[in-house]
Structure formats: structure tokens, C-alpha cells
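For reference, the structure is listed below as C-alpha cells.
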Amino acid sequence: MARGEGGHVAGTTAGVIASMTGFAAREGGDGQGVTWSWELRGVNARGFDLRLRLPDGLGALEAPLRKRLSDLVARGSITLSLKLSRTGQAGDDTLDAVALEQAMARMQQVRHAAERHFVDLAAPTAGEILALLPAADASSRELPPAEVFLADAEPLIAAFCAMRHAEGAALLKLLVDQIVRIEELIERAAVAAAARQPKQAERLRASLDAVLQAADGLDEARLAQELAIIAAKTDVTEELDRLAAHVEATVALLETGGPVGRKLDFLMQEFNREANTLCSKAQDAALTAIGLDLKLAIDQTREQVQNVE
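So in this note's numbering, spot 194 of the sequence shown is number 174, and the numbers just go up one at a time.
As C-alpha cells, then:
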């Protein structure tokens, strides 16, 4: 496998993958005193987990938002938060006449009490009187319809998905580089395995002599079985073939694109299993060193795969 120009893998345009991590934020308002802020974030997860944090009175948003995000995201722990802020309308200087009368009556009561105790109070200023009035009840302000919030969420979701795909493109490049490295190590392992054959033949002959010396009373079938076991303990042909097949399967997934993270993770486990067996059968310093490098490359690749949707 060779990495081609312009994001090509093995001569074929690589697919699009997404990272499970992403973040987007957005603020909005209706121009009538109601403002809001969105936050949408995603982190790694084994499956798809969506959590919505919506203010009271906006429960109608939950179903369409869940459907929209589940259509776009296949895997990851996703949290969508919406916070509301309702303030008095700009330019609204109308006083609450009832509240003003109540405040003036309370001030008169205080003044009478002060006079009974011969305390002289200064006349209150307009600001002091206004400070006694209750703040306008912004919570009673009518909210925009659900369609307004859903429309405002679209740019947020688009930015979130764009970030996930941008990180996915960076992940794809790293994965391609790692798979190229793994394939190079597999090829080197095959060369090292072939180079050790003379020494392995000597060991096999020594083992064969030991079996023949102890073969008194063994039938031919048992003898053949013992010889096969000795040969299998050092033969790494199947491991190298399976590693090469895993490389092809990984390339095929990267070329396909989409939510392939789970399949890639499974392949990394298979890679690691074959590399472990290769090292245990190596019985050769050069092949063992390559096997250890292979295990490291596989482990580094798996770390990146954990981020793939």
C-alpha cells in the first residue's frame, strides 16, 4: 500500500471520516428582550449518547433536535445546552402605578414613625423612590415559537459537524501514515523471517534428533505430530499473512469512510493479537525487534482510532 497525492490511499480517494470530538457555540435573540445561548459539544463514547439541556417551556424542541442530531451523528457522547435570558424591553419606561402608590404609602408610614420619635428625615430623591419599585417581571415575557429556536440551531449544528469533519480529516492523514508504517514493518518482518531460516533449520534438526532419540515406542503418527508442533512454534507465515490481510481491511474502511470507528477498533485488536504471536514465535533478535516496533505502531494507531466516529 502506498499513500498517494491529494488524500489518496492505495490509488483510491479516501473516504470522509469524522472525529467524535467537537464544539460549537452560538448566541441569538428575538429583539424583544429574549436572548439565548447555545452550546453543542461532543466527546468519545462507545455508542451514541445525546443529552439535551433545555429551559422550561421549550420541551417541544427535544424531539426535532434529537432527530436532527441522530441523523448527522452516529457515535459519540453529545451534549446540547440552551440557556435563556429575559430582560425588560429596551426603551420601556412605563411605571407600574400600583407599585408606585404602594411604595409611596410605605414611605409615608416610615415618615410618621420617625416623627413620633422626633427624627427628621430628608425628602427622598426620585432615584430612591424608583429603587423601591419591584423589577419588571421579565419571566412573563412570551417566548418565540419553537420554529425560531430550531432555525437558529441549524448554524450551530453545521459548525459542530464541520469541526468534527475537520478533525476527522486530520485523523485520516495520521491513520494513513500509521498504516503505511505498519505495512513497512510487516514487510521487514517477512524479510527477517526469511533471513533466520538457516538458524531455524539448525534448531529444527536439533529438535528432530531429540525427538528421534526419545522415539522408542512412538508410532509414526505421534512422531509426525511432534515434528509438526516443533515446526509450528517458529513458523510466522500465517501471522504475517493475517497482518497483511488486516492492512487491506483497514485501507478498505478508510476508503469507504463514514462511521467506521468500531470496525477499525476491532481490527486494531486483531493486529495486536497477531503481533503478540509474531513476537512469541520470533526466536530471533532482529525479528523480535521488528515485532516490538510493530506493536508500538499498532498501539499508536489504536489511540487515534479511539477518536473516530
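Note that CB positions come from ideal geometry on N, CA and C, so glycine has one too.
Source: prediction; values computed, not measured.
Annotation note: the stretch 16 to 104 contains the following uninterrupted beta strand (DSSP E) runs of length 3 or greater, listed N- to C-terminal: 28 to 33, 56 to 66.
For the 8 Å CB-CB criterion, Glu147 and Thr1 form a contact. Per DSSP, reduced to three states, the secondary structure at Ala4 is strand. Excluding five sequence positions before and after Ile137, the CB atoms of its chain that fall closer than 8 Å to its own CB belong to Ala4, Leu20, Arg48, Leu49, Leu52, given in chain order. Across the structure, Ile166 and Ala25 are spaced so that their CA atoms are roughly 31 Å apart. Annotation for Pro104: Met87 place their beta carbon closer than 8 Å to its own, counting only its chain and skipping 5 residues before and after. The Cβ atoms of Pro35 and Leu62 lie closer than 8 Å to each other.
For Thr214, the number of other beta carbons within 10 angstroms of its own is at least 16, and it is reported as buried. In the DSSP annotation of this structure, the continuous segment of the alpha helix (DSSP H) that includes Thr230 starts and ends at 217 to 236.
The three-state secondary structure of Gly271, taken from DSSP, is helix.
The Cβ atoms of Ile58 and Glu289 do not sit closer than 8 Å to each other. Annotation for Ala172: Ala266, Leu267, Ile270 place their beta carbon closer than 6 Å to its own, counting only its chain and skipping 5 residues before and after. Relative to Asn252, the option among Glu218, Arg242, Asp279 whose CA is nearest is Asp279. At the C-beta level, Ala94 and Leu101 come within 8 Å of one another. Thr281 is positioned such that its CB atom lies closer than 8 Å to that of Ile162. Ser(-1) has Val288 as its beta-bridge partners, per DSSP.
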